[in-house]
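Below is one structure, written out as structure tokens; comments come after it.
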Amino acid sequence: MRWFEVQDYIGSLRPIYIVSKACLVHFSTLDLSTATAQRTLFGQVRLVFTVFMDIFLFTFAIRSLTLYLEVTDSLLLNGGLFASLALTFIFSTILPLWNSHTDVQMYQLYKNIAICDVELLNLGFTENHSRHHMMSIILLCNSMMMVAYIMIAIVFFPSYLEWLGVAKLFPSGWTTLSYVRTNLVMGVFVTQTTLTLHSLRKRFQMLNQAICKYLPTTIQSKRSIPNPKLTSLLIRKFTTLHDLLSDTVNLYNCCYSPKAIFIAASYFGLTLFSWFGLIHAFTASTDVTTFRMSVANVVYDCFFLVLFGLLVSFSCLVNRECHRTAILLHKVVCYGSFDRRTTKQLRCFSQQLWHQLPKISSRLFDFEWELFYHTSGALATYLVILIQFDLGNINYKRLPRREFCNLCEF
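Residue numbers for the sequence shown follow my numbering, so the first one is 818 and each next one is one higher.
Quick look at the structure:
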């Protein structure tokens, strides 16, 4: 479609760039010709205004969250929900200032990807930037669904909030604005992170395709290339591209991974205490409003789980392509027949990838598929521990007779 037609990678970033500037998440100006960040006086004024506005809204958010300190008779549950949601608001408050500190590295990351596109074009591989432009718009709309849901519920269906028991969370317009602001910041952050990971994955994927095209990676491939000089130049080109992409991955780990740790901690606590609250409301409370509020917390948590799942899934895909690059280089060394100088280049490149691969990492843990079941196992373990602490609050009259007998035998 002509609405999504763009010519380069920097142009495909325009939707997320405009939204992040409009939502007061980024403050530096992107020079489209050089892909560099420029700090202007107006941008610094916007930053100062945003910091004071976020602190002001944070006070209203904390006041509204005090409702969770009295929602049930379990102090552990009340404190856990309050702390988890407060951590989410803290993240949305400090993220704009954090972005202002790392904006130079972030724009350098985008510049590196744009340079990779030029080098890959010389090898005969191009990326569909219009598709990336359309994908950014779709992800932005998907991330804003929770904001739209909150606004529609508050404006058009206030009785629905009363029925759920969460109307007291929005006592004023400032409190509503604080919730909208937090979800906007979360949505922009996850969208920007996901798009960056997708861009990295596509560049590594095209690099792997170029290696398969120009070098022998299977037994059936030609074991020797007629022009040794051309082969040496190709290997240097691949090495340069891989070094540039590795630097880009390191920039990503510097700019985005610490924020991902912060947001993962918030999601973990919110998921743990939301589901514990639902179990507590079902087994210990006779208040229907409390049960509905617990269900609303679980639904709200599912939105964040989807965002976290996107973040980890795209990180795993990038790591898989990085690992595939190393495998292809090892195959080239095994199946190819080159002169001594070219073989030495390949061996050095292969050994480098053997010892250290670029990967999406937070320096505490790697964003791999194992993170899903490690997190799930930890959630299940802590949930069982919390339920054991809550055995004294169980209303046994609400349990089925068979479950009650089994619990008595235990």
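All C-beta atoms in this analysis are idealised placements derived from N, C-alpha and C, irrespective of residue type, glycine included.
key: Rounded Cβ spacing between Ala839 and Tyr924 (contact assumed at less than 8 Å)   = If you number the sequence shown from 1, residue 839 lands on position 22. If you number the sequence shown from 1, residue 924 lands on position 107. 18 Å between Cβ atoms; not a contact.
Met961 versus Thr1008, Asn1044 and Phe974, residue with shortest Cα-Cα distance = One-based indexing of the sequence shown puts residue 961 at position 144. That would be Thr1008, whose Cα lies nearest to the Cα of Met961.
inquiry  = I'd like to know whether the C-beta atoms of Leu1200 and Phe1093 end up nearer to each other than 8 Å.
reply    = Numbered from 1 along the sequence shown, position 383 holds the residue referred to as residue 1200. Numbered from 1 along the sequence shown, position 276 holds the residue referred to as residue 1093. Result yes, Cβ atoms of Leu1200 and Phe1093 sit closer than 8 Å.
query = For Thr853, does the three-state DSSP call read helix, strand or coil?
reply = As a first step, residue 853 is located in the sequence shown; it is residue number 36 there, counting from the start. Residue state, collapsed to three classes: strand.
inquiry  = With DSSP as the reference, identify every bridge partner of Leu847, one or two as the case may be.
reply    = Working through the sequence shown from its first residue, we reach residue 847 at position 30. In the DSSP output, where bridge partners are listed per residue, Leu847 has Ala854.
ask   = Which same chain residues, not among the five before or five after Phe1090, have their C-beta less than 7 Å away from its C-beta?
value = Walking along the sequence shown from the start, residue 1090 turns up at place 273. Excluding positions up to five away in sequence, the list reads Leu894, Gly897, Leu898 and Ser901.
message = Is the separation between the beta-carbon of Gly1194 and that of Pro1033 shorter than 8 Å?
response = The residue labelled residue 1194 in the question sits at position 377 within the sequence shown. The residue labelled residue 1033 in the question sits at position 216 within the sequence shown. The answer is no: Cβ separation not under 8 Å.
key: Helix, strand or coil at Asp1229 according to DSSP, with G and I counted as helix   = No information on residue 1229 is available, as it lies outside the stretch 818 to 1227 that the chain covers here.
key: Bounding residues of the alpha helix (DSSP H) (the contiguous stretch that carries Asp1064)   = For this step, residue 1064 is matched to residue 247 along the sequence shown. Asp1064 -> alpha helix (DSSP H) spans Pro1045 to Cys1072.
query = Three-state secondary structure (DSSP) at Asp1183?
reply = Translated into positions along the sequence shown, residue 1183 becomes position 366. Asp1183 sits in a strand when the DSSP states are folded into three classes.
task = Measure from the C-beta of Leu938 to each C-beta in chain D and report whether the shortest distance is under 8 Å.
result = Within the model displayed, chain D is absent; a lone protein chain is all it includes.
query = Mind checking Asn939: buried by the 16 CB within 10 Å criterion, or exposed?
reply = In the sequence shown, the residue the question calls residue 939 occupies position 122. Counting Cβ neighbours within 10 Å, Asn939 comes out exposed, since fewer than 16 surround it.
request  = Return the chain-ordered list of same chain residues with a C-beta closer than 6 Å to the C-beta of Val1135, the five sequence neighbours on each side being excluded.
outcome  = Position 318 of the sequence shown holds residue 1135. Within the same chain, Leu1014, Leu1017, Arg1018 and Ile1177 come within 6 Å of Val1135 by CB-CB distance, once the 5 residues on both sides are set aside.
Nearest to Phe1079 (by Cα), restricted to the options Ala903, Ile932 and Ile1052 = In the sequence shown, the residue the question calls residue 1079 occupies position 262. By alpha-carbon distance to Phe1079, the top candidate from Ala903, Ile932 and Ile1052 is Ala903.
request  = Please classify Asp1207: is it buried, with 16 or more other beta-carbons within 10 angstroms of its beta-carbon, or exposed?
outcome  = Position 390 of the sequence shown, counting from 1, holds the residue named residue 1207. With a threshold of 16 other beta carbon atoms within 10 Å, Asp1207 meets it and is buried.
key: Alpha carbon of Phe1172 to alpha carbon of Thr910, nearest angstrom   = Working through the sequence shown from its first residue, we reach residue 1172 at position 355. Working through the sequence shown from its first residue, we reach residue 910 at position 93. Here residue 1172 is His; the residue named in the question, Phe, does not match the sequence. The alpha-carbon atoms of His1172 and Thr910 are separated by roughly 39 Å.
inquiry  = Could you tell me the alpha carbon to alpha carbon distance between Ser845 and Thr1159, rounded to whole angstroms?
reply    = Walking along the sequence shown from the start, residue 845 turns up at place 28. Walking along the sequence shown from the start, residue 1159 turns up at place 342. Roughly 45 Å between the two C-alpha positions.
inquiry  = Spatial neighbours of Asp848 within its chain, please: C-beta separation below 7 Å, excluding the five flanking residues on both sides.
reply    = Along the sequence shown, read from residue 1 onward, the residue named residue 848 stands at position 31. Same-chain partners within the cutoff: Gln855.
request  = Could you check what DSSP says for Met1154 in three-state terms: helix, strand or coil?
outcome  = As a position in the sequence shown, residue 1154 is number 337, starting the count at 1. In the sequence as displayed, the identity of residue 1154 is Ser instead of Met. Coil at Ser1154, not helix or strand.
Through-space distance from His950 to Asp825, alpha-carbon basis = Residue 825 sits at position 8 when you count from the first residue of the sequence shown. Residue 950 sits at position 133 when you count from the first residue of the sequence shown. When rounded, the distance between both Cα atoms is 10 Å.
query = Roughly how many angstroms separate the alpha carbons of Met1110 and Leu981, rounded to a whole number?
reply = As a first step, residue 1110 must be located in the sequence shown, where it is residue number 293. As a first step, residue 981 must be located in the sequence shown, where it is residue number 164. Rounded to the nearest whole angstrom, the CA to CA distance from Met1110 to Leu981 is 5 Å.
key: Same chain only: Cβ atoms within 7 Å of Ser1049, ignoring 5 sequence neighbours per side   = As a first step, residue 1049 must be located in the sequence shown, where it is residue number 232. So the list reads Arg1158, Thr1159 and Gln1162, once near-sequence residues are dropped.
request  = Tell me whether Ser1178 sits in a helix, a strand or coil according to DSSP, three-state version.
outcome  = Counting from 1 along the sequence shown, the entry for residue 1178 is found at position 361. The answer is strand: DSSP assigns Ser1178 an E or B state.
Close beta carbons around Gln1026, own chain, < 8 Å, minus the five adjacent residues each side = Position 209 of the sequence shown, counting from 1, holds the residue named residue 1026. So the qualifying residues of the chain are Phe942.
task = Tell me the start and end of each unbroken alpha helix (DSSP H) in the region 871 to 926 that is at least 4 residues and wholly inside, in chain order.
result = The qualifying runs do not exist here; there are none.
query = Lys985 lies in the alpha helix (DSSP H); which residues open and close that run?
reply = Your numbering for residue 985 matches position 168 in the sequence shown. That residue, Lys985, is in no alpha helix (DSSP H); it is neither H nor E in DSSP.
task = Report, in whole angstroms, the separation of the C-beta atoms of Thr999 and Ser881, which I expect to be a contact under 8 Å.
result = Translated into positions along the sequence shown, residue 999 becomes position 182. Translated into positions along the sequence shown, residue 881 becomes position 64. 11 Å between Cβ atoms; not a contact.
inquiry  = Between Ile930, Asp871 and Lys1076, which has its C-alpha nearest Asn916's C-alpha?
reply    = Against the sequence shown, residue 916 aligns to sequence position 99. Answer by Cα proximity: Lys1076.
inquiry  = If you reduce the DSSP assignment to three classes, tell me which class Phe1221 lands in.
reply    = As a position in the sequence shown, residue 1221 is number 404, starting the count at 1. Any reading at Phe1221 must be qualified, since the residue scores a pLDDT of 40, below 50, and its modelled position is unreliable; the value itself is stated next. Phe1221 carries a helical assignment under DSSP once its states are collapsed to helix, strand and coil.
Under the three-state DSSP convention, the category Ile955 falls into = On the sequence shown, residue 955 is found 138 positions in, with the first residue counted as 1. Reduced to three states, the DSSP call for Ile955 is helix.
Cβ-based neighbour list, Cys1119, same chain, cut-off 7 Å, excluding 5 preceding and 5 following = To locate residue 1119, count along the sequence shown from 1; it is residue 302. Its chain contains no residue whose beta carbon lies nearer than 7 Å to that of Cys1119 once the 5 sequence neighbours on both sides are disregarded.
ask   = Between which two residues does the alpha helix (DSSP H) harbouring Glu979 extend?
value = The residue labelled residue 979 in the question sits at position 162 within the sequence shown. Element bounds for Glu979: Pro975 to Leu981.
Three-state class that DSSP yields for Phe1021 in the structure shown = Indexing the sequence shown from 1 puts residue 1021 at position 204. Reduced to three states, the DSSP call for Phe1021 is helix.
inquiry  = DSSP three-state label for Glu822, please.
reply    = As a first step, residue 822 is located in the sequence shown; it is residue number 5 there, counting from the start. Three-state DSSP puts Glu822 in coil, outside helix and strand.
request  = Measure the C-alpha to C-alpha separation of Phe877 and Thr883 and round it to an integer number of angstroms.
outcome  = For the purposes of this step, residue 877 is taken as residue 60 along the sequence shown, with counting starting at 1. For the purposes of this step, residue 883 is taken as residue 66 along the sequence shown, with counting starting at 1. Distance between Phe877 and Thr883, taken at the CA atoms: about 10 Å.
key: Proximity to Ile1052 [Cα-Cα], best of Tyr1190, Pro1175, Thr1142 and Leu1181   = On the sequence shown, position 235 is the one that residue 1052 refers to. Ranking Tyr1190, Pro1175, Thr1142 and Leu1181 by CA distance to the CA of Ile1052 puts Thr1142 first.
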